[in-house]
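Colleague: First, the structure itself, so that you have it in front of you.
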Amino acid sequence: MNKDLVKVVLVTAGAVLFNLVFWNEKLAINTVLFDAFLLSALFCLYPQARQHATVNWLLLGHLVCLAMVVVHNTELSKIAFVTTLLLLAGFAEYAHRSVWFAGGSMLMNVIMVAASFVEPIRFNRNRTIKRAGISRVIRFAVFPIILLVVFFFIYQGANTVFSEIAGQIGIQLELFFSHFFDFFSWQRILFLLLGLLITGSILLKSKLDFFSTREARLHDGLQRFRKTLRQKREGAFFQFVEVVMGKMASGMMALKNENTTGIISLVLLNVLLLVVNVIDVNFLWIHFQYKEGEPVYKMVHEGTELLIVSIVLAMAILLFFFKGNLNFYKRNKWLKYGAYAWIIQNAMLVSSVLLRDYYYILKHGLAYKRIGVLFFLLMVLVGLVTVFLKIWNRKTNYFLFRVNAWAGIVVLVLATTIHWDEMIAGYNLKRKNTVDLDVSFLLSLSDKALPLLDTNIVALQKRQNDLHAVATDRAVVCDTCYIEQLKQREMAFAQKQQQLSWLSWNYADAYTKKYFQRKGLISVNKSE
């Protein structure tokens with residue numbers, strides 16, 4: 005069979021499978037079925053992909069995310085599953101080294117999916133059936149069909165058993181067609197089109213290989229260029245430098261002037277950051293204490309966002325100075341020393357931001373943003389290390405963004421292995437006597453946290469009573485009816501489980517369901 009036709013058949017089969025396993029279901033064990041089909045089809049169409057180490061490592065990360073969808077079933081695991089699947093397809097179909105360019109190629113696949121699907125469906129004129137042949141077949145079939153219908157009704161009237169069998173067949177056909185048209189409702193047709201879009205975007209490679217050809221021209225190591233070529237390559241960036249530095253950015257002394265400007269700038273920035281770090285070491289690292297009557301948020305968390313922005317800008321400044329030929333300037337030793345000092349000081353600033361977040365967690369417990377800050381700081385540290393390597397080994401910005409993107413993928417995959425909602429609920433409830441419980445936030449966590457909340461219902465009741473005792477506004481009292489809200493969440497979970505089939509099975513829901521079955525909230529199905 006023609007390979008293009010095979011692609012169309014696989015995409016169509018994938019869309020039908022998508023429709024069958026995901027309609028009115030959640031992403032769970034059905035994801036394994038759909039993913040197994042997609043991966044088999046992907047490596048069948050592009051067998052050479054398995055020879056690349058990058059594809060194999062991505063496949064391993066993707067399978068970890070798939071397992072976490074079944075085990076934890078968190079939104080993060082689903083996002084990571086989709087992300088790694090798209091990247092796996094991008095690296096399997098195109099020649100890429102960077103996550104960014106592979107993502108661009110997959111975006112092109114999505115945009116061109118309709119054209120990629122329709123193009124292989126072509127009819128060869130030499131293979132078309134002649135109209136005369138079709139008419140001949142119809143003529144031969146009409147008379148036998150008429151005879152079949154006539155004798156069918158004769159036998160139905162003459163034989164009661166035959167009539168009953170025919171009646172049963174008619175009932176089954178009526179049921180089939182009624183379900184057939186239910187299956188092809190407008191909503192189901194749109195869902196089928198969504199399946200075509202998803203499956204086609206993953207399996208059909210676009211002929212527009214813009215991103216792969218563009219990446220092929222990029223390298224990790226810097227190269228020295230003549231000034232005219234340098235201006236052409238740096239474009240608007242070089243023009244910006246000329247506007248700022250004027251005549252000093254051109255001529256024989258351009259690199260020397262840029263080096264001098266960079267040294268002065270980094271010395272001033274290092275001195276300024278040294279003052280900030282000394283203050284943080286004194287007040288955060290050594291003599292930190294919670295001030296009576298001052299909100300912890302204002303004392304600890306305030307300014308963290310600005311500090312993070314300053315660290316990102318610090319890395320951008322280094323990229324500004326270490327551009328192009330300045331990396332090869334023989335007298336850039338002090339510029340590099342200033343850059344290394346700037347990197348070390350920013351690493352200290354990261355530690356100070358980490359301490360701020362730690363103190364906030366210690367007082368108020370875990371939450372999404374506080375955990376997010378930890379992951380962001382980890383990525384910032386990776387960024388600082390890669391900036392150091394870029395300067396030390398004369399690497400390009402392409403190297404910098406490529407390595408950091410891969411680090412982000414690794415962190416994303418590893419983050420899926422923890423059920424963060426359950427961890428947050430467990431951490432905060434375990435320290436209910438030392439942290440200020442935000443019960444409203446705990447009640448907004450996923451269903452896996454419900455057993456922990458139900459187990460600690462006494463602590464929730466106490467928090468509710470404390471708030472009701474000091475509340476004067478009736479609306480506040482209604483907003484803090486935590487026990488009632490918890491029971492509503494539990495009932496909603498029980499009702500939702502009754503609407504789902506085995507296709508939506510996942511360990512997180514099964515664990516929660518089993519807990520409430522023991523409590524009698526959910527009836528035990530004997531078939532389970």
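Take 5 as the starting number for the sequence shown in the working numbering and just add one per residue.
Note that the Cβ used here is the ideal one computed from N, Cα and C, for glycine as well.
Note that the structure is a prediction, hence the values are computed from the model and not measured.
#1: Do K517 and Q501 have their beta-carbon atoms positioned less than 7 Å apart in this structure?
#2: Restricting to Cα atoms, I'd like to know which of W346, R101, L152 and E123 is closest to N408.
#3: Among V15, L111 and Y402, which residue has its Cα nearest to the Cα of L222?
#4: Specify the secondary structure class of L382 as computed by DSSP and reduced to three states.
#5: Given that a residue counts as buried once 16 or more other Cβ atoms are within 10 Å of its Cβ, and exposed if not, what is H66?
#6: To the nearest angstrom, report how far apart F195 and V443 are at their CA atoms.
#7: Go through its chain and collect everything with a Cβ distance to G430's Cβ below 7 Å, but skip five positions before and after it.
#8: With 16 as the cutoff for other CB atoms within 10 Å, does K7 come out buried or exposed?
#9: Can the beta-carbon of A84 be found less than 7 Å from the beta-carbon of L381?
#10: Should A512 and H76 be called a contact, given that it needs their Cβ atoms to be closer than 7 Å?
#11: Could you compute how far the alpha carbon of K367 sits from the alpha carbon of K373?
#12: Count the other C-beta atoms from every protein chain shown that fall within 10 angstroms of the C-beta of F193, then say buried if there are 16 or more, exposed otherwise.
#13: For K211, count neighbouring Cβ atoms within 10 angstroms of its own Cβ and tell me buried if that reaches 16, exposed if not.
#14: Since T420 contacts C69 with CB under 8 Å, what's their CB separation in whole angstroms?
#15: Can you tell me whether F157 is buried or exposed, with buried defined as 16 or more other CB within 10 angstroms of its CB?
#16: From the DSSP output, in three-state form, read off G225 for me.
#17: Is the distance from the Cβ of N350 to the Cβ of A320 below 7 Å?
#18: Out of F121, N460 and I175, which has the shortest C-alpha to C-alpha gap to L208?
#19: Taking just the CA atoms, how far does A498 sit from D451?
#20: Looking at the unbroken alpha helix (DSSP H) that takes in E123, where does it start and where does it end?
#21: Report the rounded CA-to-CA distance for V282 versus M352, giving the unit in angstroms.
#22: Please report the straight-line C-alpha distance between N432 and D458, rounded to a whole angstrom.
#23: In this structure, does DSSP put K399 in helix, strand or coil?
#24: Can you give the Cα-Cα distance for A71 and Y98, rounded to whole angstroms?
#25: Take the Cβ of E262 as the centre, count every other Cβ of all protein chains shown within 10 Å, and call the residue buried at 16 or more, exposed below.
#26: Going by DSSP, what residue range makes up the alpha helix (DSSP H) through C48?
#27: Take Q465 and list the residues in its own chain whose beta-carbon comes closer than 8 Å to its own, dropping the five residues that flank it on each side.
#28: Could you tell me whether any Cβ in chain D is nearer than 7 Å to the Cβ of R218?
Modeller: Checking against the coordinates, here is how it stands:
#1: yes
#2: R101
#3: Y402
#4: helix
#5: buried
#6: 38 Å
#7: L456
#8: exposed
#9: no
#10: yes
#11: 15 Å
#12: Here residue 193 turns out to be Ile, not Phe, going by the sequence shown. I193 should be labelled exposed.
#13: exposed
#14: 5 Å
#15: exposed
#16: strand
#17: no
#18: F121
#19: 10 Å
#20: Segment: none, E123 is in no alpha helix (DSSP H) and carries neither H nor E.
#21: 10 Å
#22: 14 Å
#23: strand
#24: 26 Å
#25: buried
#26: I33 to L49
#27: Y486 and I487
#28: Among the chains of the structure shown, chain D does not appear; only one protein chain is present.
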